[in-house]
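**Q** Under the working numbering, the residues of the sequence shown are numbered 2 to 173, in order.
All C-beta atoms in this analysis are idealised placements derived from N, C-alpha and C, irrespective of residue type, glycine included.
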Amino acid sequence: MSSVKIDIRNIRVEEAKGYWELRLEALQKHPTAFGAAYEESVLLPMEEVEKRIGQDSSNYILGAFTAEGQLIGTVGFKREQSLKLKHKAFIWGVYVSENYRGEGIAKQLMVEVIHRGKQLKGLKQVTLSVVTTNGAALDLYRKLGFESYGVEPNALEYEGQGYDEEMMVYMY
Numbered sequence: 002m003s004s005v006k007i008d009i010r011n012i013r014v015e016e017a018k019g020y021w022e023l024r025l026e027a028l029q030k031h032p033t034a035f036g037a038a039y040e041e042s043v044l045l046p047m048e049e050v051e052k053r054i055g056q057d058s059s060n061y062i063l064g065a066f067t068a069e070g071q072l073i074g075t076v077g078f079k080r081e082q083s084l085k086l087k088h089k090a091f092i093w094g095v096y097v098s099e100n101y102r103g104e105g106i107a108k109q110l111m112v113e114v115i116h117r118g119k120q121l122k123g124l125k126q127v128t129l130s131v132v133t134t135n136g137a138a139l140d141l142y143r144k145l146g147f148e149s150y151g152v153e154p155n156a157l158e159y160e161g162q163g164y165d166e167e168m169m170v171y172m173y
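#1: I'd like the list of long-range same chain contacts for A65, defined as Cβ closer than 6 Å, with 5 residues on each side in sequence excluded.
#2: How many angstroms separate the CA atom of G94 from the CA atom of M169?
#3: For a test of the three-state rule: what should DSSP assign to K6, helix, strand or coil?
#4: Work out the CA separation of M47 and G55 for me, nearest whole Å.
#5: Looking at the strands, I want to know which residues DSSP matches up with S130.
#6: Name the two residues that bound the continuous beta strand (DSSP E) containing Y150.
#7: To the nearest angstrom, how far is the alpha carbon of Q71 from that of Y142?
#8: How about L28 and A17: do their beta carbons lie closer than 8 Å?
#9: Spatial neighbours of E81 within its chain, please: C-beta separation below 6 Å, excluding the five flanking residues on both sides.
#10: Please name the residue, chosen from E51, E49, W21 and G161, that lies closest to Y39 on a Cα-to-Cα basis.
#11: Assign E104 to one of three DSSP states: helix, strand, or coil.
#12: If you reduce the DSSP assignment to three classes, tell me which class G136 lands in.
#13: Distance, Cα to Cα, M2 vs S98?
#14: I believe N60 touches K79 by the beta-carbon criterion, under 8 Å. Please report the beta-carbon distance rounded to the nearest angstrom.
#15: Identify whether R13 lies in helix, strand or coil by the three-state DSSP scheme.
#16: Can you tell me whether G163 is buried or exposed? The criterion is at least 16 other CB atoms within 10 Å of its CB, across all chains shown.
#17: Roughly how many whole angstroms lie between the Cα atoms of L139 and G77?
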């Protein structure tokens, strides 16, 4: 369990700047872990970032905040909206700032997302994908009950190198 006191809650639109700084840090320091590219994301206007911060139970970004209010971790959640897909949601953008790794913060974020998903009427599964070289994330997701349903070869390409992604699902 974490020795750091963490508050996990939705990131608010007025916190967009702090969120975006952490997101850009993630993309810059770990370019092979995310589908988004730092080089493109850094050009996004703040108004667009604010629009992306969802404000309902089907589309949100959770933040892990220190007692001092510093954002140190994130996870995004988006439920499909169409009639045939609304039984599914996906998790994206899981990241914990390097200084706070090993404290159980990613686990706390993921446990909260799973718990919230259980409250959504008709939601039957949540998916995510993770680069197969990210052993710590794979271990965490498996321990939380996610199961692999395939590997996409060469899912991401960065600086001429291909990276496979393991696709995982959590069934409610």
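**A** Short version:
#1: Taking the sequence shown and counting its residues from 1, one reaches residue 65 at position 64. Excluding positions up to five away in sequence, the list reads I7, I9, I73, G74, I106 and L110.
#2: Locating residue 94 in the sequence shown gives position 93, where the first residue counts as 1. Locating residue 169 in the sequence shown gives position 168, where the first residue counts as 1. Each residue's alpha carbon lies about 15 Å from the other.
#3: Residue mapping note: residue 6 aligns to position 5 of the sequence shown, counting from 1. The DSSP-derived three-state label of K6 is coil.
#4: To locate residue 55, count along the sequence shown from 1; it is residue 54. To locate residue 47, count along the sequence shown from 1; it is residue 46. For G55 and M47, the distance between alpha carbons rounds to 14 Å.
#5: Residue 130 sits at position 129 when you count from the first residue of the sequence shown. DSSP output for S130 lists M168 as bridge partner(s).
#6: Against the sequence shown, residue 150 aligns to sequence position 149. Its beta strand (DSSP E) spans residues E148 to Y159.
#7: As a working mapping, residue 71 is identified with position 70 in the sequence shown. As a working mapping, residue 142 is identified with position 141 in the sequence shown. Cα to Cα, the separation comes out at about 25 Å.
#8: Counting from one through the sequence shown, the residue named residue 28 turns up at place 27. Counting from one through the sequence shown, the residue named residue 17 turns up at place 16. Taking 8 Å as the Cβ cut-off, L28 and A17 do not qualify as a contacting pair.
#9: Position 80 of the sequence shown, counted from the start, is the residue given in the question as residue 81. Contacts found: K87 and K89.
#10: Taking the first residue of the sequence shown as position 1, residue 39 is located at position 38. Comparing Cα positions, the closest option is W21.
#11: Start at 1 with the first residue of the sequence shown, and residue 104 comes out as number 103. DSSP, reduced to helix, strand and coil, places E104 outside both helices and strands of the structure shown, so it counts as coil.
#12: Position 135 of the sequence shown, counted from the start, is the residue given in the question as residue 136. Helix, per DSSP.
#13: Against the sequence shown, residue 2 aligns to sequence position 1. Against the sequence shown, residue 98 aligns to sequence position 97. Any answer about M2 is weak, because its pLDDT of 46 lies below 50 and its placement is not dependable; what the coordinates show is given next. Rounded to whole angstroms, M2 to S98 spans 17 Å at the Cα level.
#14: Residue numbering aside, residue 60 sits at position 59 when the sequence shown is read from its first letter. Residue numbering aside, residue 79 sits at position 78 when the sequence shown is read from its first letter. Going by Cβ atoms, the distance from N60 to K79 rounds to 5 Å, so yes, they are a contact pair.
#15: Within the sequence shown, numbered from 1, the residue matching residue 13 stands at position 12. DSSP places R13 in coil when its eight states are reduced to three.
#16: To locate residue 163, count along the sequence shown from 1; it is residue 162. Classification for G163: exposed.
#17: Counting from one through the sequence shown, the residue named residue 139 turns up at place 138. Counting from one through the sequence shown, the residue named residue 77 turns up at place 76. Roughly 17 Å separates the two Cα atoms.
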